[in-house]
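Chemist: Please find one structure pasted underneath; my questions will follow.
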Amino acid sequence: MNTLKSFTLALLLGPALVTHSLANTEVTVEIANHTRGTLKMNSLLTDPPQAEEFSPGAHEIAPQSTYQLRIGHIRNYTYPGAGWQPTLKKIKPIEIVLNYEMSNFNFECQMQTRFKASIVPGALEPSYKPDWKSRTTYTGNGEYTCRSDVSRKMLEPPFHYTVRLIVEPGR
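Just so you know, the sequence shown maps onto residues -23 to -1, 1 to 148 in mature numbering (1 follows the signal peptide of the UniProt record, and there is no 0).
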């Protein structure tokens, strides 16, 4: 009888324990500095904010080099399970705004990225529909420009992705 109770309890609680899981969505910002000046981080805004000890001054990028900045966001995803109808959990979007400047050349670049995973109904079960966006703006005398693109996207939770920010001479 004790074995039957344990088996029944495992059947009832098993899906509940497996379906909800905290996952650390990691956003990697790869910054390529193709200029002759040093890029200095002015600010990094994230939702939720980064730790208090985060220092923008520690993320300078030397001329003709590449730097990777990893930003983690804890999100509570629902993982679809085989053989039953899951109810996916809404998750808060991730947004990052990053500013870099080259003070010697009167140049500033702002990159904004946003990730959102909507829930879409499906024929058999609902699923997440991930959407990654990135855009840049820059100021200066036209000597330098910046652009960004999203790459290396993970299509299932925890949806890691990479944004490549490229600062280069103007055309």
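Ideal placement from N, C-alpha and C gives every residue a C-beta, glycine not left out.
Would you give the residue range spanned by the beta strand (DSSP E) that Met18 belongs to?
Modeler: Residue 18 sits at position 41 when you count from the first residue of the sequence shown. Met18: member of the beta strand (DSSP E) spanning 17 to 24, first to last residue.
Chemist: Are three or more beta carbon pairs between the stretch 76 to 87 and the stretch 46 to 55 nearer than 8 Å?
Modeler: Of all C-beta pairs linking the stretch 76 to 87 to the stretch 46 to 55, fewer than three are shorter than 8 Å, placing the two stretches out of contact.
Chemist: Nearest-angstrom Cα distance between Ile38 and Leu21?
Modeler: Taking the first residue of the sequence shown as 1, we reach residue 38 at position 61. Taking the first residue of the sequence shown as 1, we reach residue 21 at position 44. Straight-line Cα distance between these residues: approximately 15 Å.
Chemist: Can you check which of these residues, Thr113, Pro134, Gly147, Ala(-1), is closest to Arg124 by C-alpha distance?
Modeler: Indexing the sequence shown from 1 puts residue 124 at position 147. Checking every option, the nearest Cα to that of Arg124 belongs to Thr113.
Chemist: Please state whether the Cβ-Cβ distance between Val127 and Val140 is less than 8 Å.
Modeler: In the sequence shown, residue 127 corresponds to position 150, counting from 1. In the sequence shown, residue 140 corresponds to position 163, counting from 1. In this structure, Val140 lies closer than 8 Å to Val127 by Cβ.
Chemist: The beta strand (DSSP E) with Met79 in it runs from where to where?
Modeler: Here the question's residue 79 lines up with position 102 in the sequence shown. Its beta strand (DSSP E) spans residues 71 to 79.
Chemist: So what does Ser104 bridge to, in DSSP terms?
Modeler: Stepping through the sequence shown from its first residue, residue 104 is reached at position 127. Beta-bridge pairing links Ser104 to Val97.
Chemist: Under DSSP, the beta strand (DSSP E) around Asn53 begins and ends at which residues?
Modeler: As a working note, residue 53 is residue 76 in the sequence shown. That run of the beta strand (DSSP E) goes 42 to 55.
Chemist: Which two residues bound the contiguous beta strand (DSSP E) that contains Ile38?
Modeler: Residue 38 sits at position 61 when you count from the first residue of the sequence shown. Premise fails: Ile38 is in no beta strand (DSSP E) and is neither H nor E.
Chemist: Applying the criterion that 16 or more other CB atoms from any shown protein chain within 10 Å of the CB defines a buried residue, is Ala94 buried or exposed?
Modeler: One-based indexing of the sequence shown puts residue 94 at position 117. Buried: at least 16 other Cβ atoms inside 10 Å.
Chemist: How long is the line joining the alpha carbons of Ala(-8) and Tyr138, rounded to whole angstroms?
Modeler: Counted from its first residue, the sequence shown places residue -8 at position 16. Counted from its first residue, the sequence shown places residue 138 at position 161. With a pLDDT of 45 at Ala(-8), under the threshold of 50, the modelled position of that residue is not reliable, and the figure given next carries that caveat. In a straight line, the C-alpha of Ala(-8) is about 28 Å away from that of Tyr138.
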